Amino acid sequence: MYNIYIGKHFGGLHTTTARHVCCGDNPRRSTDTSNSVKLVWVGFWDSHFAVSHYLVSIGTEPFATNLNSGGTYQQVSHSNKQRLITKASNVGLHSSIFIGVWAVNGVGLKSQFLHHEFTVGGGLLDLKRRCTQYNCQGHCVCAIQDQTCSAASGCSDISGGSPTRDTVTVEDVVDITFSSGAASYGPSLTYLAAQWSITTTQGLAVQRYEVAVGLTSSSTPTGIYNSATERIWYDVGQMTQWVWPLPDRELTVDTSYSVFIRAWYSSNQYAIFKSPGVTVAPGAMTTTSNTAASVKELLQSSDTKDTDYITSSNTLHVRWDGLFQPGTAGLDTFKVFISSKSGGHDIYVSGNINSGTTTHTATGLSLVENIRYYTTVSAHNRAGVLTTRTSDGFMVDSTAPDGGLVLDGAGTSMLKARPRRCMHNGVTSEIPEARESVGTSGVSERSLTHPLVTLYHGLTWG
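With the working numbering as the guide, the letters of the sequence shown map in order to residues 19 to 480.
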């Protein structure tokens, strides 16, 4: 077993201490084989989301994982001990190996790579404190953080021409869980993200990647960082997904930015690829000031006028044409919700509705009378920003009014009469006024508009 104890300051994830590499407790007494490596590390922490886990690489080249069990990064859950005993293939056959550790926080953001080269001795891995550059950019494992050991010299950019190398395709994403596919618009001013893959395999193979960010309009990563004073490219090893936070600056609204990938094929050959670009559109969509455009409940699907009452308890027709304004990012999808509370969604939730559709029929409902319901339409733009509007409400009325009773004077209890003066053939006289009395009962909230009608029987009034 080989023992190693490491610690360092990280950009993004900070350290409270920095220690030199040293051996574990009397490592030469170990009885394990040279196919195991014991790692202990310090110095990783995140004050906001905490460290979730670590990714560890062991390889014979910078950032390589060829000595890891399974040939890929080993994930280690965070604990107070921060240690790992891992299987590694044939460590003792090499004069030196490269070991790297990333810390990953609770939302998936990765620290910078802690990366060192070690000479292999019987049971002990010694940190190489004097080292030479491992590529033409002057990179080395013992340089001051964010600096190189020497100036760049002898690099060959093989991005153009007819390549005899692997081709990498990069796509922008806004979902930092990388579960929603490519995006053309983004809602954030403070991060960019991308994922990439090798789409053509030919000739030279990719060994590792670096990542940078910049304006889509540029062929190189410019417009965010100053190359004269700031580091532009960051090592990501053999990772193929990355989120780039911008804690100390903001992107410009309505501007397109790309993620640039520098794929290394050897110590002096690389090619640069970039994503199509994501336009920054953080604002929510606006809605029209036209009062005729609103969320409307309809009696029939072909109607255009809002109604406050419907007769069906299981079907509702909704319309919202002209309500949402697409803005920079444009409309993507709608959803319809029904609830007994304004803005709620406890009764009905539709699936995604195409942005070209502004009507929807909700079926399978179980609505009841004498309860006011509300319909909410949510509009999602292509940056993922949500805007919602809610109707003024509706009720179900499927019960007809009860029949009434007309009394024409045969009974006296409901007959109302008063003297009324009239003129007939020059003679003035007083006669009682006869009125119809309509009795109603059991009328719902949607009541009769005019329940009383006055009748005058065969008389000419003066």
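Yeah, the Cβ is synthetic: ideal placement off N, Cα and C, and Gly gets one too.
Note that the structure is predicted; figures quoted are calculated from it, not measured.
Of V367, Q343, V386, the smallest CA-CA separation from G374 is found for Q343. Contact check for Y227 against W282 passes: the beta carbons are separated by less than 9 Å. Nearest C-alpha to V58 among F278, A68, T104, T83: T104. By the neighbour-count criterion, in which a residue is buried when 16 or more other Cβ atoms sit within 10 angstroms of its Cβ, G199 is exposed. Exclusion of the five residues before and after Q213 leaves E189, V191, F196, T258, Q259 as the residues of its chain whose Cβ lies within less than 7 Å of its Cβ.
Here the alpha carbon of G421 sits roughly 35 Å from the alpha carbon of R337. In this structure A311 is not in contact with L349, their Cβ atoms being roughly 14 Å apart against a cut-off of 8 Å. Per the C-alpha coordinates, the member of S358, L383, V386 positioned closest to T394 is S358. With respect to the 9 Å criterion, L207 and V271 are classified as neighbours on the basis of their beta carbons. Looking from the CA of I250, the closest CA among T329, D164, N53, A169 belongs to D164.
In the DSSP secondary-structure assignment, D190 is bridged to A212. Bridge partners of M413 according to DSSP: Y327. Secondary structure of S95 (DSSP, three-state): strand. For the pair L385 and Y366, the Cα-to-Cα distance works out to about 11 Å.
Counting the other CB atoms within 10 Å of its CB gives T304 a total below 16, which places it among the exposed residues.
Just measuring C-alpha positions, the residue of V231, S65, L132, N372 sitting nearest R400 is N372. V119 is a Cβ neighbour of Y72, given a cutoff of 9 Å. Looking from the CA of V254, the closest CA among Y391, D339, H398, H133 belongs to H133. Per the coordinates, the alpha-carbon of G156 lies some 15 Å from the alpha-carbon of F81.
Restricting attention to I115, D64, H66, the CA atom closest to the CA of T78 is found in I115. Between T185 and T218, the CB-CB gap stays under 9 Å.
Judged by DSSP secondary structure, E135 falls within the beta strand (DSSP E) whose first and last residues are 132-139.
Between the segment 281-299 and the segment 221-239 there are three or more C-beta pairs closer than 8 Å, enough to call the two in contact. A direct Cα-to-Cα measurement between S284 and V159 gives close to 17 Å.
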